[in-house]
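First residue of the sequence shown? That's 0 in numbering that gives the first Met the number 0, and the numbers climb one at a time after it. First up is the structure itself, then whatever we jot down about it.
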Amino acid sequence: MSKLDKLIAELCLDGVEYVKLGDVAPPTRGVRVIRSQLADDGKYPVYQNSMTPLGYYEESNYPANTVFVISAGAAGEIGYSTVDFWAADDCFCFNCPENLKSRYLYYALLCQQSYIFSRVRRASVPRLARSVVEQLKIPLPPLPVQSEIVRILDNFAELTAELTAELTAELTARKKQYEYYRDFLLTFEKTATQSLTDRQTDRQTDRQTDRQTDRQT
């Protein structure tokens, strides 16, 4: 059971209605732009076939707080833009009605991402059919419940991000510490080996000198 399902069970004691996504927020496809029209930086990011902007465009065709799903390339990836953006033709976007919060839809889709990935057609360019997205069923609780779920999951996501950042920093520090002691030990070993070699050479030279002295006497 997903985190969303658990929250639905806790907050909707009388049950909840499940609806097809295509019935409440039909996916709309973005509009193609060519690379020569894009800049390396600018006001509006352009999403085409991955979560990384393809570039930046002088116009936007979807507002901030819009959910989108990549349909080709990184097919099945789910995005949520906090700024106005341009969706190209490999994006399915969702204009949510009044009874469906966009951020709630984002989490509802994330909970089904494994299933969505399983329906991607694997080829030279992976593709996700519009019909797969339209047939997805999502729980549709009352708006106050949606808001509470979003609040809880946003806080959870923020805490997870903070913990990940702390763990990454700790691992980076440990790696640097390991590399320092590794280099120190390697340098020490090399120095010790060289010193041993030098002492052996000195003793060998001394013995040769002693033998020569004995022969002369």
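Yeah, the Cβ is synthetic: ideal placement off N, Cα and C, and Gly gets one too.
Backbone CA spacing between Pro125 and Arg118 [nearest angstrom]: 10 Å
Assumed close pair Pro26, Cys92 - CB separation to whole angstroms, cut-off 8 Å: 7 Å
Alpha-carbon to alpha-carbon, Ser35 and Lys175: 43 Å
Residues bridged to Gly78 (per DSSP): Phe67
As assigned by DSSP and simplified to three states, the class of Ile33: coil
Unbroken stretches of the beta strand (DSSP E), 3 residues or longer, contained in the segment 102-149: 136-138
Given Phe67 as reference, the closest of Asp4, Arg129, Asp153 once Cα atoms are compared: Arg129
Same chain only: Cβ atoms within 8 Å of Pro62, ignoring 5 sequence neighbours per side: Asp83
Nearest-angstrom Cβ-Cβ length linking Gly21 and Glu133, presumed shorter than 8 Å: 3 Å
Sequence-distant residues of its chain with Cβ nearer than 8 Å to Ser80 (five each side left out): Pro44, Tyr46, Tyr61, Ala63, Asn64, Thr65, Phe67
Euclidean distance between Cα positions of Ala74 and Leu127: 6 Å
Integer Cβ distance of Leu152 from Tyr114, believed to fall under 8 Å: In fact, because the Cβ distance is near 19 Å, the residues do not count as touching under 8 Å.
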